[in-house]
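Visitor: My structure is below; once you've seen it, I'll send some questions.
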Amino acid sequence: MSTPESAASEPIDVMSVLGHRGVGELAEKMGIEFLELTPEHSVATMPAEGNRQPYGIVHGGAYVVLAESMGSIAANLYAGPGRVAMGIEVNASHSGSAREGVVTGTCRALKLGRTLTTHQIEITDEAGRLLSTVRITNFIRDER
Numbered sequence: 003m004s005t006p007e008s009a010a011s012e013p014i015d016v017m018s019v020l021g022h023r024g025v026g027e028l029a030e031k032m033g034i035e036f037l038e039l040t041p042e043h044s045v046a047t048m049p050a051e052g053n054r055q056p057y058g059i060v061h062g063g064a065y066v067v068l069a070e071s072m073g074s075i076a077a078n079l080y081a082g083p084g085r086v087a088m089g090i091e092v093n094a095s096h097s098g099s100a101r102e103g104v105v106t107g108t109c110r111a112l113k114l115g116r117t118l119t120t121h122q123i124e125i126t127d128e129a130g131r132l133l134s135t136v137r138i139t140n141f142i143r144d145e146r
């Protein structure tokens, strides 16, 4: 399955790729932008500003939202027309923190099956330091 990819500097319009399914209200509010998008591999960014906790670092939950958005959108792209993928499990290990700039998630498929997908997302800061590793499993079913 071939999907549009973009140069690293230009965000992808996920709505145009998935039709009626965009990135979702929360991902939009958090400033998440996709730079590459296939079922097997995607890259997305999120600004630190607006996604920090009271101590001035990016909230761990914001990393999870970035990762879950990436894994779910990749799984929905894989599922194809007439099918929908929904997250059934997510886990995260935070290993660093960012205060400013942009964080980048890189998502890769670990398993693309008939009814389940599993993706792993590594989130890094602008210096390339690992901040969080997240794994998400999605269940694929026919759309109702």
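In short: position in the sequence shown from 1, add 2, done, that's our numbering. Backbone N, C-alpha and C fix where the C-beta goes; we use that ideal spot for every residue, glycine too. As the structure is a prediction and not an experimental result, all values here were calculated from the model.
Quick test of your reading: T139 and T108, contact by CB under 8 Å. State the CB separation rounded to the nearest angstrom.
Guide: At roughly 18 Å, the Cβ-Cβ gap does not stay under 8 Å, so T139 and T108 are not in contact.
Visitor: Run through the DSSP bridge pairs and tell me what H96 is partnered with.
Guide: Answer is S134, bridged to H96.
Visitor: Could you tell me which residues DSSP puts in a beta bridge with P56?
Guide: Per DSSP, none; premise fails for P56.
Visitor: Report yes if the C-beta distance between M32 and N53 is below 9 Å; otherwise report no.
Guide: In contact: M32 and N53 (Cβ atoms closer than 9 Å).
Visitor: Taking CB distances under 9 Å as the criterion, tell me whether E35 reaches chain D.
Guide: This model lacks chain D altogether, as it is built from one protein chain only.
Visitor: Per DSSP, what are the beta-bridge partners of L126 in this structure?
Guide: It is worth fixing the name first, because residue 126 is Thr in this sequence and not Leu. Per DSSP, T106, L132.
Visitor: According to the neighbour-count rule (16 or more other Cβ atoms, all chains shown, within 10 Å of its Cβ), is A129 buried or exposed?
Guide: So A129 ends up on the exposed side.
Visitor: On a CA-only basis, which of Q55, G115, I75 is nearest G26? Give me that one, please.
Guide: Minimum Cα distance to G26 is reached at I75.
Visitor: Give the single residue among T135, S99, I123, V67 whose Cα lies nearest to the Cα of A29.
Guide: Of T135, S99, I123, V67, the residue nearest in Cα terms is V67.
Visitor: Would you check if there are 3 or more beta carbon pairs closer than 8 Å linking the stretch 82-93 to the stretch 33-40?
Guide: No, the stretch 82-93 does not touch the stretch 33-40.
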